[in-house]
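Using our numbering, you'd call the opening residue of the sequence shown number 20 and step up by one each time.
Just so it is clear, CB atoms sit at the ideal spot from N, CA and C, and this is done for glycine as well.
Okay, structure first, notes after.
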Amino acid sequence: MHVLFNLVTLPFIGEVNLSGGLLILFFVCLLAVVGFEFVNGFHDTANAVATVIYTKALKPMVAVPWSGTFNFLGVFTGGVAVAMGILKLVPLNEMMALPTAVGASMVLAVLLASIIWNLGTWWLGIPCSSSHTLIGAMIGAGIGFTMFYKGSVNWDKAGEIGMSLLLSPLFGFGASVLLMMFLRHVVKAPILFHAPTGENDRPPILIRLLLITTCTLVSFFHGSNDGQKGVGLLMLILIAFLPAKFALDRGITDDKILASLTNIEQRLPKLSAIDDKGKAALNDLGAAITTAKATISGGNSRDEQHVFAFRKQVQAVVKDMKAVNSNPSVTIPAEDKSEFASVPGALNKTTDYAPVWVIATISLSLGIGTMIGWKRIVLTIGEKIGKEHLNYAQGASAELVAASTIGLSTWAGLPVSTTHVLSSGIAGAMVASNGTKNLNPTTLKAIAMAWILTLPVSILLALGLFLVFHLFV
């Protein structure tokens, strides 16, 4: 006998209609994603405060809430491009059309695989990448999904993200070496290269302000990038369990969408194409707009039976508009180019979005995780990557490079690993000081091993977990 909890009203979400088992599973998944961000705080946010704590620029009781505040602001102002990039790894549209239990299996597999690997590496004090872990888990669960259903892992997006994760640590290492050389040979301020030796050995006020500034920047940009991964995970849960509610942003009205579609439709006759390929692109766009407008006119765009189809229709318009914009054989009048360039982004917000309460939940989870688990990673960053203790210049250089790298990646909508960027920056700063002999091979081997193993282990973990959970679907 199945017990139904009909029309349960939940804060922020509203009325939901899930069976007893699925409702419990929904709450478990919500707790699990909070747990993932909590563990992410152990790992990645701890990197943001590592140098400022280790160099005695700020005490932990001040540094951690300070970092948490700017992580919170970073998530809120960073947009959702990285979050949506993570979501697009899996066949989301295909999952929405299937029974809720299928989506629940995927979500659980991703969450548990990520948490298991993150907790294990945290316990060993290894700065493992939560980004690698999450992306591997998404790919693994996606592979499991495609064994039973239509759709496929977005390998193009996976390759794009993989290159970002691969190149960012190399950039962090090289840029940190160059910055340290600049400080050593151009600035030549001896106090910059002092390493604190005791609890009361604190940096001068100007250096303290420099270190606090770099910590603030890393915290802010960490929130704008890594925080979005948790936002993407939480949106995956909401879409998996309540697809009709979260397939589209309810805050964007049909009238607003219709106005955008009509605006472009009226400008189409002014466009011209010099070959059949260009004409086909214009015809496809016209047909996509007509289909989406018909759904709105019929009053079916937001009801449970048609919302998934309407989501695909909006995505088709965006895709066809981008194809027209990038087609060299299509001529767009100068006065219309700005409209054709801006409308795809505006329509994308209908499907690529996150409610404010989702962002707030992830931000708070990150901050609380940092407050509890920062010590292990701070010790690794401060003492174990190099053979000498971290000095002021090394800490500031690594964090400045990390903040710049993460900020640029967020702007490009690509996820990067704060752990790997900052760890490679510390390594670069150590090499710039006394060459490669200044690196601690034991710690570097452990970090490298975690870096090599994370992706395949998380893929296999998530794949195996999905196959197990799918037995009960």
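Distance from the CA atom of aspartate 175 to the CA atom of glycine 181, rounded to whole angstroms, is 10 Å. DSSP places asparagine 244 inside the alpha helix (DSSP H), whose first and last residues are 224-260. Taking C-alpha positions only, leucine 482 is separated from tryptophan 136 by approximately 14 Å. DSSP places glutamate 418 in the uninterrupted alpha helix (DSSP H) bounded by 411-430. A Cβ-Cβ separation of about 6 Å places valine 99 in contact with aspartate 371 under the 8 Å criterion. The criterion of a C-beta distance shorter than 8 Å is satisfied by threonine 70 and glycine 414. As the crow flies, the alpha-carbon of leucine 229 is around 44 Å from that of methionine 125. Leucine 267 and tryptophan 430 have their C-alpha atoms spaced approximately 24 Å apart. Contiguous alpha helix (DSSP H) elements confined to the segment 349-373 occur at 353-370, taking only those with 4 or more residues. Per DSSP, the unbroken alpha helix (DSSP H) holding asparagine 302 starts and ends at 295-316. Counting C-beta atoms within 10 angstroms of its own C-beta, histidine 241 has 16 or more neighbours from the protein chains shown and is therefore classed as buried. Looking at the backbone, the Cα of serine 238 and that of leucine 197 are separated by about 23 Å.
From the listed residues Met114, Phe89 and Leu184, the smallest Cα separation to leucine 474 is found for Leu184. Between lysine 264 and isoleucine 258, the alpha-carbon positions lie close to 8 Å from each other. In the structure shown, threonine 28 falls within a strand segment according to DSSP collapsed to helix, strand and coil. At a Cβ-Cβ threshold of 8 Å, phenylalanine 329 and threonine 309 do not count as neighbours. DSSP places leucine 111 inside the alpha helix (DSSP H), whose first and last residues are 111-115.
The alpha-carbon of leucine 225 is positioned some 10 Å away from that of isoleucine 231. Within the model, the alpha-carbon separation for alanine 102 versus proline 209 is close to 43 Å. For leucine 37, the secondary structure class from DSSP, reduced to helix, strand or coil, is strand. Residue state for alanine 292 is assigned as strand, using DSSP reduced to three classes.
Annotation: the continuous alpha helix (DSSP H) that includes aspartate 273 extends over 273-286. Taking a 10 Å sphere around the C-beta of methionine 199, we find 16 or more other C-beta atoms and assign the residue as buried. When secondary structure is reduced to three states using DSSP, valine 377 falls in the helix class.
Contact check for phenylalanine 164 and valine 109: beta-carbon distance about 7 Å, within the 8 Å limit, so the pair qualifies.
In this structure, the alpha-carbon of leucine 211 lies about 17 Å from that of alanine 446. Rounded to whole angstroms, the gap between the alpha carbons of serine 428 and aspartate 322 is 37 Å. Distance from the CA of methionine 114 to the CA of glycine 122, rounded to the nearest whole angstrom, comes to 6 Å. Shown here, histidine 213 sits in coil according to DSSP, grouped into three states, outside any helix or strand. Under the three-state reduction of DSSP output, glutamine 334 falls in the helix class.
Fewer than three pairs of CB atoms, one per stretch, sit closer than 8 Å, so the segment 327-344 makes no contact with the segment 379-387. With fewer than three CB-CB distances shorter than 8 Å, the segment 244-257 does not count as touching the segment 353-367. Proline 434 and alanine 300 have their C-alpha atoms spaced approximately 31 Å apart. Exclusion of the five residues before and after aspartate 220 leaves Lys75 as the residues of its chain whose Cβ lies within less than 7 Å of its Cβ.
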